[in-house]
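Residues in the sequence shown are numbered consecutively from 0, following numbering that gives the first Met the number 0. Structure record follows, encoded as structure tokens.
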Amino acid sequence: MVSEILKVDHVSFSYQDLPVLKDICFKFYPGRFYGILGPNGSGKSTLLDILLGFKTPEKGNVFLFKKHIKQIKKSEIGKKISYVPQSFTFNFPFSVDEIVTMGRYPYIKRFSLPTRRDLEIVEQIQREIDIFKFKHRLITELSGGERQRVMIARALAQDTPIFLLDEPTSNLDVKHSLRILESFKKRVINNNRTVICVFHNINEALFFCDELIFLKNGEIIVGGPTVEVISEDILEQIFEVEVMLRFEEKLNCYQVIFTNRRYKYEKKK
């Protein structure tokens, strides 16, 4: 039986007196693409911070490869988890090439230079994510979407067993959104990696994810294989709007249309 590589065990967390996560339990396995969905303020980003060890839960524990995450050195976590945050700032004008190469730092000995293999990985990722053409430009000169692709490339260059992504395609056009999600899906299928991704676009999640976790008010409402947990009732309960859900044979997955059917819109004459 395949063992979990990341486990959230009865985790609760609050900001001051405001509960954000309540008794969260879930196990993540290799070779699976997980989507975390929910309305604003449901605790999605906070959950990722706890999985990374950035925040300490008030109750409960997080285990990474069966070891408590607080017992693992940050340098070792960097070899096991890559992270793409929802927002980021750059205080120094690093080049694109320098930032993507930072993804190799967990494997480079102190005071050493990147190896030829490190540089080959960096170039391959830059081409895959379509940023090679501006590898020498400064990050401060790029658009929001271009910066986001650079951060994603850095995470891919890190080449860890687990990828944590917080709305990684929020600033991207359709072409690059699909290209990047396909890159992560390929690693799930071919390299047995685990992807845990907060999604804003529910149809992307339905297409790419093996399992979904729906959060609302800091609680897991439902979680499990996508085809088993997805329903109009669940979507309406989570997002408080009416939906239409249908199976698209060409995509081999469900897709959703959000619509408040009680409202009628008539074209002005």
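C-beta: ideal position from N, C-alpha, C; glycine also.
In this structure, V83 keeps its C-beta atom at 9 Å or more from the C-beta atom of R136. In this structure, Q125 is the residue among F246, Q125, Q236 with its C-alpha nearest to the C-alpha of M150. Taking a C-beta distance under 9 Å as the contact criterion, Q85 and V197 qualify as a contact pair. Looking at the DSSP output, Y14 bridges to L17.
By the 16-neighbour rule on beta-carbons within 10 angstroms, G143 is exposed. DSSP places F110 in the coil class of the three-state scheme, outside both helix and strand. A straight-line Cα-Cα distance of about 14 Å links P105 and R116. Of all alpha-carbon atoms in I220, F131, K43, the one lying nearest the alpha-carbon of H199 is that of K43.
By the criterion of a C-beta distance shorter than 8 Å, D8 is surrounded in its chain by C24, G59, N60, V61, F62, once the five residues flanking it on both sides are discounted. E210 sits close to V228, with the two beta carbons spaced by under 9 Å. Judged by beta-carbon spacing, L5 lies beyond the 9 Å limit of T45, meaning their Cβ atoms are not closer than that value. For H67, the secondary structure class from DSSP, reduced to helix, strand or coil, is strand. Here L36 is not near I195, since their CB atoms are 9 Å or more apart. Checking the DSSP bridge columns, you'll see E210 partnered with Y33, P224. Look at the beta carbons and you see the stretch 178-192 not touching the stretch 242-261: under three pairs across the two are nearer than 8 Å. Boundaries for M0: no beta strand (DSSP E) harbours it, and the DSSP string shows neither H nor E there. The beta carbon of R148 lies closer than 8 Å to those of I128, D129, I130, L171, H175, I179 in the same chain, with the five residues before and after it left out.
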